[in-house]
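Chemist: Residue numbers (the numbering used here), protein chains in the order written: chain A, 1 to 348; chain B, 1001 to 1348; chain C, 2001 to 2348; chain D, 3001 to 3348. Input: one structure, supplied below.
Protein chains: 4
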Amino acid sequence: MLRVGILGVRGYTGEELIRILLKHPRVRISYLTARLNKPAPIAEIFPQFKGRLDLWCENLDLSQAVQSADLFFLALPHTSSMDVVPTLLRGGKKVIDLSADYRLDDYRLYEAWYKVKHKDKANIKKAVYGLSEINNSKIKKAGFIANPGCYPTAAILALAPLLKEKFSPREIIIDAKSGYSGAGRRPADDPFWAELKDNFKAYKVDAHQHTPEIEQELSKLAKKKIKVTFVPHLLPIERGILETIYVKVSHQPCLAGRQASAISHQLTNAYKKYYKDKPLVRIKNEGEFPCLRDVQGTSFCDIGVKVSADQKTIIIISAIDNLLKGASGQAVQNMNLLCGFKETEGLL
Amino acid sequence: MLRVGILGVRGYTGEELIRILLKHPRVRISYLTARLNKPAPIAEIFPQFKGRLDLWCENLDLSQAVQSADLFFLALPHTSSMDVVPTLLRGGKKVIDLSADYRLDDYRLYEAWYKVKHKDKANIKKAVYGLSEINNSKIKKAGFIANPGCYPTAAILALAPLLKEKFSPREIIIDAKSGYSGAGRRPADDPFWAELKDNFKAYKVDAHQHTPEIEQELSKLAKKKIKVTFVPHLLPIERGILETIYVKVSHQPCLAGRQASAISHQLTNAYKKYYKDKPLVRIKNEGEFPCLRDVQGTSFCDIGVKVSADQKTIIIISAIDNLLKGASGQAVQNMNLLCGFKETEGLL
Amino acid sequence: MLRVGILGVRGYTGEELIRILLKHPRVRISYLTARLNKPAPIAEIFPQFKGRLDLWCENLDLSQAVQSADLFFLALPHTSSMDVVPTLLRGGKKVIDLSADYRLDDYRLYEAWYKVKHKDKANIKKAVYGLSEINNSKIKKAGFIANPGCYPTAAILALAPLLKEKFSPREIIIDAKSGYSGAGRRPADDPFWAELKDNFKAYKVDAHQHTPEIEQELSKLAKKKIKVTFVPHLLPIERGILETIYVKVSHQPCLAGRQASAISHQLTNAYKKYYKDKPLVRIKNEGEFPCLRDVQGTSFCDIGVKVSADQKTIIIISAIDNLLKGASGQAVQNMNLLCGFKETEGLL
Amino acid sequence: MLRVGILGVRGYTGEELIRILLKHPRVRISYLTARLNKPAPIAEIFPQFKGRLDLWCENLDLSQAVQSADLFFLALPHTSSMDVVPTLLRGGKKVIDLSADYRLDDYRLYEAWYKVKHKDKANIKKAVYGLSEINNSKIKKAGFIANPGCYPTAAILALAPLLKEKFSPREIIIDAKSGYSGAGRRPADDPFWAELKDNFKAYKVDAHQHTPEIEQELSKLAKKKIKVTFVPHLLPIERGILETIYVKVSHQPCLAGRQASAISHQLTNAYKKYYKDKPLVRIKNEGEFPCLRDVQGTSFCDIGVKVSADQKTIIIISAIDNLLKGASGQAVQNMNLLCGFKETEGLL
C-alpha cells in the first residue's frame, strides 16, 4: 500500500482527494495537513468522513511529512506550493502539485499573472504538465507533476485533436462556464456566496490567469504560437465546467466543396480516433453535445464537435467536473500513471 | 381605462403580463383566454392572483373577444397567432403579438425555420418590429406590433451602437445563456424538467430559429447583410438571458495606434450616448459587466463592452430578464408607446 | 408626498423597502443610511436601482435625519434600533422598527434571549406590535410600531382563528422552514453560504429567539399562558417561510361524534370568516395547502387547515415571503394603516 | 462473481443501482430491463455509463431473466413487482424488491393504501423487511427481501432506540422533508417539474402511503400498537430526506427531577450504544444535528436527539440520501448481508 499525504486538505480539492482515495485499493491516506488553530480529527472538519477515516489533521511539519508518506498531493493555494516542493523533492518524495506554481515554463509569465515572485525557479523544469491524455508517457516516468488548471484541461482536450489534424486555426474564442467550486472556498470578507443564487455573470473578462497556461500548451501541440480569447463565467451550480469553443478556420483543402454535415462527420471520427485508447475522454456522436449532468461526479471529459453551416467556424463543446477531471480526479489519474497502477483505478 | 385582453394566458408570458398589468394605472384586464376543458376563474389557474384579479378565463371566442377589449396581447404559441390576427385587425383592435409569426419580413424564412405554412402573409408588412428602443417612433404610430424574441432583444440592443459607430464587424459570435422559462411551459411528453437541476448544456447549436430574426434586424441597422454564429445554452435558473458577444473587427482608423483601455473607454461612452434617452437600457461603467441578478424581475437591459488586449475582438455582454424585457415587459413598453402613456408606466 | 427615511438600508429588508416604496404613489424616499466608509449613490450599492433612484446613502446623522424625513423605517440589526428610537420619537417622527428591540413587553425576556442590556425600557410600552391583521385598530392610532419577526408572523396568523374558535390547544408544535435570506446578510467570517447549496438542516432546535415573541402574542390572543415547541430549518432557497403547525386538542364538544372531513370543513370556514376583511391573508379551500411559489414576491399570507383522521391533531400550514409579509411588506402595510392610506397601497 | 440483474432500470433507483454495483468487487451486472420500444445499449439510455458498462437493456423476458442472473433487484413501479416475484422465487433466485408490494404484512392494508388488488398474497409472508440494521440476522438467512420505503427507513432508525429504551411515546409526529427524486421519474402529463424550482410545500398531508409501513414496524419494535402523524414535504433539491420527529412522552421515571441537558446526554449515549456495531448509522454528538450535505451521495443515516427544555418533547432528527440508504444503497447492503459479503462492500 502506497502511503499518501495531502497537504492543505480543507479546500474543495482536498476533500475530493480524500473521497477518491478512500475507495482506491492501492493506497492508504497516512498524513493530512491544514492551517488549524490546533490539530483535529478529519471527521470533525468534514463530518461526511465520520466512520470512514480515522486520522488527525495537523499543521504542516515538513520533517514529519517526509517520514509519513511516499507521495504527496499539494492542495495548497497558489504561491504556497513553492514553499514546500523543494524539501519534498529533496526527500525523494513523489509530488503532485494541484496549484499553479509550476505549470508555466516561463517564470516571468507566472510572476506577471499571479503577481508574486517565484521562489523556486530551479524546479520548474522538473515538473511534468500533468494533462494525463496528452503527456501520458512523460507522466509515467515523472516524479513531480504540475497538475493542470480546470479551464485549461477542458480547453486543451477539446482542441488537441484539431491541432493534430492540421486545421490551421485563425482565431480561437473560448467561452467558458464554471460552477462556483472552481473559485475555491473563499476568504471570509468576500461577498461571493451571497451573489451566487440564481445568478450568472462573466468575470475576469479577457483577463483570467489560466489564459497563458492554455496558450502555452496549445502552442506546444500546434508547434507554433497560439493566442486565444478567453472569457470565463460563473454558473449558479457547485460543480462542472462547460466550454464552448469557436475556431475560425482559414480555407482548408479538406473543407473545400464539401457539405457541412460531411465535415462534421469527418471531424467527429478524427476526435474518436485521437482518443481511442483514452478511457476518460468520451466523444459524442455527431449532432450530440455534452452536458454537465453526465460528467458531474466523474473524471470523464465529454466532447462534441460540429462545423457551422457556412463552414467558417468549428464549434467544439467540452465538459468536465472541475473538481475531478479538472483537479483531484486528474491528480489521482496522474498518480496511477506514475505509480504503474491501472489508469482509472479508483476513478470509475 | 384601456380595456386589455390576453389570449393564451396560461404560459409564462401570459402570467407575467397579468402581473405587470395589475399594477398598471392606465389599463384594466377585461378578457382572458386559454385552451381549457371549461372556463375557470383565473385565481384557480394561478393561485397567486387570488384576491387580486376576479375574472374568468375562457376558451377563445373571437366575436366575444372583439367586444371585450380594445387592445390584445397574444401570448399564443408560434403558428397560432396568425389564426386570430386578421379578425382582430379587421375589428379595429390594437394587437401586440408575442409569437414569432409576424417578425420575419420574408415569409419564406419563417416557413423554413418554423416548418409550417404562413397563413396570413398579407399582414406581415403591417407589423412593426417592436424593439422599443430601436423602433420607438414607428411603434408610437403603430397598431400592430410583432414583439421581438428574447435572444434577439439582448443581441440587437448589444450590437446596435457598434453598428451605428461604423465599426465594420468581420464576424459576430453570440454565445447566449438562458434560464429555462425561455422554453415556455412544455408539452407533457418532454423529459425537459428532469434534466435541468444543476445541469448546463448547449442546444440547437448553430441551428436556433432566432438566428434569422437577429440577422434581419442587424442587417437593417448596418444597411448591409450581416451573418452571425449563434449558440444558445440552457441555465438551471428560471429567468434571465446573458449573451456574450464576440465581434472580430477589421482594421479601423479609430483603433489604430491606441491602447485597448482607451478604446474601451471610447466605446463605453459611445454606448452611453446612444442610449442616453432610453430609460430601460443601462450601460455599465468601463471594466464592469452585467449580471443576471440586477435585471431579474425588471424590464431593464444592462450592457457592458470592452476591447480585447490585442484589439482584435470587441466583447459585449448584455443581460435581460427573458420574460420581461425579453417578452411581456417589452410588450407593455410597446403598449405604452403606442397608447401615448409614459414609456415606463407599470414597469419601474 | 410623505418623506420616508430608511436607516440601515444595505441588508435584505432595506433593499426590499426601497423596491416597494419606489412603486408607492404616496411616498418619496428622502433619506438613506448605512454603515459606510464614505457616502455613495444608492445605485452603486445596489446596481438594480440604477436609473430608478437618484439618492446618496450616508452614515447616520440623527440631527440630519430628523430634518430629512417624516417617517422612518429602521432596518437596523437587533440592539441598534434602541440607540436611535428615543431621538426620533422625541423629534415627533413616526417610526416603524423592523428589529426585535421593542417586540417583547418584558425587557427581561429580551435581555435573556438577545443577550444584551435593553437601553430604552421607557419606550417599550409605547410600541404597538405591528401584526397588521390582528392589531389593525391599534396600529391606525400608533406612532411607533414594533414590526413582527418573520416566524412569528406566519405562526400567529395561522393560530389566531383557532384560539378565537375556543379550541383549547393542549400542545403546539411549530415546524418552520425558511429561505436563507431570513438570516440576513451575514458577517464575513461565517461559513454560512458555502453550506447552503442543496442542503437542508434544522438550527437553534427548541432554542430560537422568536419563541418568546410567538408565546407572548398567542397568550394575549388566548387570554392564557401558551407555550410552543418551535424548531426552525434552513431551506436552500432565498425567500419564503412555510410553517407546519401541529395542535393537539383535548376533547372538544365541536369534535365529538363527527367525521374528520366535516371538522376540516368547519375549520376552513371559520378561518375564512376570521380573515374575511383582510386583503393580505388568503385561506386555501379544504384539502388544499399553501406553497412558497404562490407567496414569493408578494405580501400575502396563505393558510390551509385540516384535522387528522383520528381527530386528535389539527394541522395548519402557513406560508409567507419572509422579506415581505415577514418584514418589509408588513412594514409598509403598517405605514399605510397609520398614515390613513389604503391598506394594500404599493403592495398588490 | 455473483451475476446480478436489475429489472426496471430506467428510474432513479435503477440508475443508482448500476452506479453502485459497477464499483462492487464481488458482483457483475448481467441483465438489465426496462419498458422500451426496442432494446438499446444502457449507455444510450444513461450517457454517464458510456465507457463503463457495455450491456444492452431489454424488455423483460422472464425465462431469459432466470437464466441470466443469480440475484435480482426489482426497481419496478409499485404493483409491478408482484407480477414477476413468483416466477423468480420458483426459479430459485434471490430477490430484493424495492417496490412496496411485499412490505405490508396485511394485504388488506396494502390494498387500501395502494388502491389495487394484491395478486401474490402467498409470498408476502416469505418476504423479510429489509431494514438492514434492525433485521440484520433475518436478512442474512433470507432469500427474498422487501426493501423499505425511504421515509420509513429514516423514521424507524430514528425511533428504534427510543422504543428500546422503554420510553412510552404518547404521541409521535413525523415532519418529513424529501428531495424530489423520492417521487421517481414522473409520468409525462405531470406538471410536477415546473413547480419545483425554489418552491417548498407539503403534500399528502396525513395521507401518505408510507404511514402504515412506519406504524407496522414501530409497533413490532414497541410490542404494542403505535400510531403516527406523518406529513411529508417536497424540497427543491434532488436528493435527501430529513425528518424532524416530535415524541411527546408521558411521565417517565428516568426524566423525573433531572435537567434537560442531562437527559439529552443520556439519550445520545443510548443511541450511540444501540448502533455501536452498525457501520452505516452515525449518531451526532449532543447538541448537534444532521444536515443533508453530510449524507448526500452516501448510504449513511445520521441521527441527532434532544429533549425540549420543558422535558415533555423528545426531538429526533434523522437524515439519509433517499436514493441510497432510502433505496438502492440499502438494497445493496441487504445483498451484502444475505450473500455473506462485508456489510458495507461497495458502499463506503
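All residues carry an ideal CB built from backbone N, CA and C; glycine is no exception.
Give the interface partners of B/K1050 over in chain C, defined as CB-CB distance under 7 Å, in chain order.
Modeler: Translated into the one-based positions of the second sequence, residue 1050 of chain B becomes position 50. Neighbours of B/K1050 on chain C, chain order: R2282.
Chemist: Hey, does C/K2201 have any beta-carbon neighbour from chain A nearer than 7 Å?
Modeler: Residue 2201 of chain C sits at position 201 when you count from the first residue of the third sequence. Chain A contact via Cβ: absent.
Chemist: Contact between the region 2007-2020 of chain C and the region 1172-1179 of chain B is defined here as three or more beta-carbon pairs at a separation below 8 Å; is this criterion met?
Modeler: No: fewer than three Cβ pairs fall under 8 Å.
Chemist: Cβ closer than 7 Å: which chain D residues qualify as neighbours of A/D294?
Modeler: As a working mapping, residue 294 of chain A is identified with position 294 in the first sequence. The answer, in chain order, is P3047 and Q3048.
Chemist: How long is the line joining the alpha carbons of A/K115 and C/D2198, rounded to whole angstroms?
Modeler: Indexing the first sequence from 1 puts residue 115 of chain A at position 115. Indexing the third sequence from 1 puts residue 2198 of chain C at position 198. For A/K115 and C/D2198, the distance between alpha carbons rounds to 36 Å.
Chemist: Indicate whether B/K1248 and B/R1170 have their beta-carbon atoms separated by less than 7 Å.
Modeler: What you label residue 1248 of chain B is simply residue 248 of the second sequence in a count that begins at 1. What you label residue 1170 of chain B is simply residue 170 of the second sequence in a count that begins at 1. Contact flag set, yes.
Chemist: Judging by CA-CA distance, which residue of B/C1339, B/K1312, B/A1319 and B/G1287 is the nearest neighbour of B/F1155?
Modeler: Translated into the one-based positions of the second sequence, residue 1155 of chain B becomes position 155. With the sequence shown as reference, residue 1155 of chain B is identified as Ala, and Phe is not the correct amino acid for it. Of the candidates B/C1339, B/K1312, B/A1319 and B/G1287, the one whose C-alpha sits nearest the C-alpha of B/A1155 is B/A1319.
Chemist: Grab the span of the beta strand (DSSP E) containing C/H2265 for me, first residue to last.
Modeler: Along the third sequence, read from residue 1 onward, the residue named residue 2265 of chain C stands at position 265. Note, C/H2265: premise wrong, no beta strand (DSSP E); alpha helix (DSSP H) at A2260 to Y2274.
Chemist: Would you please state the rounded distance, in angstroms, between the beta carbons of B/I1214 and B/F1200? I believe it to be under 8 Å.
Modeler: Position 214 of the second sequence, counting from 1, holds the residue named residue 1214 of chain B. Position 200 of the second sequence, counting from 1, holds the residue named residue 1200 of chain B. Not a contact, Cβ separation roughly 22 Å.
Chemist: Rounded to a whole number of angstroms, what is the C-alpha to C-alpha distance between C/F2144 and C/T2079?
Modeler: One-based indexing of the third sequence puts residue 2144 of chain C at position 144. One-based indexing of the third sequence puts residue 2079 of chain C at position 79. When rounded, the distance between both Cα atoms is 17 Å.
Chemist: Here's the rule I'm using: 16 or more other beta-carbon atoms within 10 Å means buried, otherwise exposed. How should A/D321 be labelled?
Modeler: Sequence index remark: in the first sequence, residue 321 of chain A carries index 321 (1-based). Buried.
Chemist: With a Cβ-Cβ cutoff of 7 Å, do B/T1268 and B/I1317 count as a contact?
Modeler: The residue given as residue 1268 of chain B occupies position 268 in the second sequence. The residue given as residue 1317 of chain B occupies position 317 in the second sequence. In this structure, B/I1317 does not lie closer than 7 Å to B/T1268 by Cβ.
Chemist: Reducing DSSP to helix, strand and coil, say where B/A1040 ends up.
Modeler: Reading the second sequence from its first residue, position 40 is the one you call residue 1040 of chain B. Strand, per DSSP.
Chemist: Please determine, among C/A2158, C/N2334 and C/K2093, the residue with the shortest C-alpha to C-alpha distance to C/L2071.
Modeler: Your numbering for residue 2071 of chain C matches position 71 in the third sequence. If we check each option's Cα against that of C/L2071, C/K2093 comes out closest.
Chemist: Is DSSP giving B/E1015 helix, strand or coil here?
Modeler: Locating residue 1015 of chain B in the second sequence gives position 15, counting from the first residue. In this structure, B/E1015 counts as helix in the three-state DSSP scheme.
Chemist: Just to confirm before moving on: does the CB-CB distance between A/S264 and A/V307 stay below 7 Å?
Modeler: Residue 264 of chain A sits at position 264 when you count from the first residue of the first sequence. Residue 307 of chain A sits at position 307 when you count from the first residue of the first sequence. Going by C-beta atoms, A/S264 is nearer than 7 Å to A/V307.
Chemist: Is there a C-beta anywhere in chain C that falls below 7 Å from the one on D/Y3114?
Modeler: On the fourth sequence, residue 3114 of chain D is found 114 positions in, with the first residue counted as 1. No, D/Y3114 does not count as interfacial toward chain C.
Chemist: Would you say A/E238 faces chain C, with C-beta separation under 7 Å as the test?
Modeler: As a working note, residue 238 of chain A is residue 238 in the first sequence. Taking Cβ atoms only, chain C reaches closer than 7 Å to A/E238, which makes this a yes.
Chemist: Name the chain C residues whose beta carbon is nearer than 7 Å to that of A/K197?
Modeler: Numbered from 1 along the first sequence, position 197 holds the residue referred to as residue 197 of chain A. Chain C residues near A/K197: E2238.
Chemist: Within the 7 Å Cβ cut-off, does A/C150 reach chain B?
Modeler: Counted from its first residue, the first sequence places residue 150 of chain A at position 150. Not closer than 7 Å to any Cβ of chain B, the Cβ of A/C150 fails to qualify, so no.
Chemist: Going straight from the alpha carbon of D/E3286 to that of D/E3165, what length do you get?
Modeler: Numbered from its first residue, the fourth sequence carries residue 3286 of chain D at position 286. Numbered from its first residue, the fourth sequence carries residue 3165 of chain D at position 165. Straight-line Cα distance between these residues: approximately 17 Å.
Chemist: At which residues does the beta strand (DSSP E) containing D/D3175 begin and terminate?
Modeler: Residue mapping note: residue 3175 of chain D aligns to position 175 of the fourth sequence, counting from 1. P3169 to S3178 is the extent of the beta strand (DSSP E) around D/D3175.
Chemist: Using a 10 Å radius around the Cβ and a threshold of 16 neighbouring Cβ atoms, would you call D/T3087 buried or exposed?
Modeler: To locate residue 3087 of chain D, count along the fourth sequence from 1; it is residue 87. Result: exposed.
Chemist: Buried or exposed: where does D/M3001 fall if 16 or more other Cβ atoms within 10 Å of its Cβ makes it buried?
Modeler: Against the fourth sequence, residue 3001 of chain D aligns to sequence position 1. The residue in question, D/M3001, is exposed, as its Cβ has fewer than 16 Cβ neighbours within 10 Å.
Chemist: Leaving out five residues before and five after A/T298 in sequence, what residues of the same chain have Cβ atoms less than 7 Å from its Cβ?
Modeler: One-based indexing of the first sequence puts residue 298 of chain A at position 298. Here the set comprises D321 and L324.
Chemist: Check each candidate in D/I3029, D/I3241, D/D3310 and D/L3021 and name the one with the smallest Cα separation from D/L3157.
Modeler: Walking along the fourth sequence from the start, residue 3157 of chain D turns up at place 157. Of the candidates D/I3029, D/I3241, D/D3310 and D/L3021, the one whose C-alpha sits nearest the C-alpha of D/L3157 is D/I3241.
Chemist: Evaluate D/G3014 with the Cβ neighbour count: other Cβ atoms within 10 Å of its Cβ, from every protein chain shown; 16 or more gives buried, anything less gives exposed.
Modeler: Here residue 3014 of chain D corresponds to residue number 14 of the fourth sequence, with the count starting at 1. When all chains shown are included, D/G3014 counts as buried.
Chemist: C/D2190 by DSSP, collapsed to three states: which one?
Modeler: As a working mapping, residue 2190 of chain C is identified with position 190 in the third sequence. For C/D2190, the pLDDT reaches just 46, beneath the cut-off of 50, and the residue's location in the model is therefore unreliable, leaving the point undetermined.
Chemist: Using 7 Å as the limit for Cβ to Cβ distance, is B/L1348 near chain C?
Modeler: Taking the first residue of the second sequence as position 1, residue 1348 of chain B is located at position 348. It does; some Cβ of chain C falls within 7 Å.
Chemist: Which stretch, first to last residue, makes up the beta strand (DSSP E) that contains C/L1965?
Modeler: With chain C covering 2001 to 2348 only, the question about residue 1965 of chain C has no answer from this structure.
Chemist: Could you work out which residues of chain D lie near A/T153, taking near to mean beta carbons separated by less than 9 Å?
Modeler: Position 153 of the first sequence, counted from the start, is the residue given in the question as residue 153 of chain A. Residues of chain D passing the Cβ test: none, with the nearest at roughly 18 Å.
Chemist: Taking DSSP's pairing of strands, which residues face C/W2056 in a bridge?
Modeler: On the third sequence, position 56 is the one that residue 2056 of chain C refers to. Note: C/W2056 sits in a beta bridge opposite C/P2041.
Chemist: Within 10 angstroms of its Cβ, does B/N1123 collect 16 or more other Cβ (buried), or is it exposed?
Modeler: Position 123 of the second sequence, counted from the first residue, corresponds to residue 1123 of chain B. B/N1123 is buried by the Cβ-count criterion.
Chemist: Mapping the DSSP letters down to three states, classify B/D1083 as helix, strand or coil.
Modeler: Residue mapping note: residue 1083 of chain B aligns to position 83 of the second sequence, counting from 1. Helix at B/D1083.
Chemist: Between A/P253 and chain C, is there a C-beta pair that is closer than 7 Å?
Modeler: Sequence index remark: in the first sequence, residue 253 of chain A carries index 253 (1-based). Low confidence applies to A/P253: its pLDDT is 49, below 50, so where it sits in the model is not reliable, and the reading given next is rough at best. Chain C, which has no Cβ nearer than 7 Å to the Cβ of A/P253, makes this no.
Chemist: Distance, Cα to Cα, C/G2130 vs C/V2332?
Modeler: Stepping through the third sequence from its first residue, residue 2130 of chain C is reached at position 130. Stepping through the third sequence from its first residue, residue 2332 of chain C is reached at position 332. Cα-Cα distance, rounded: 11 Å.
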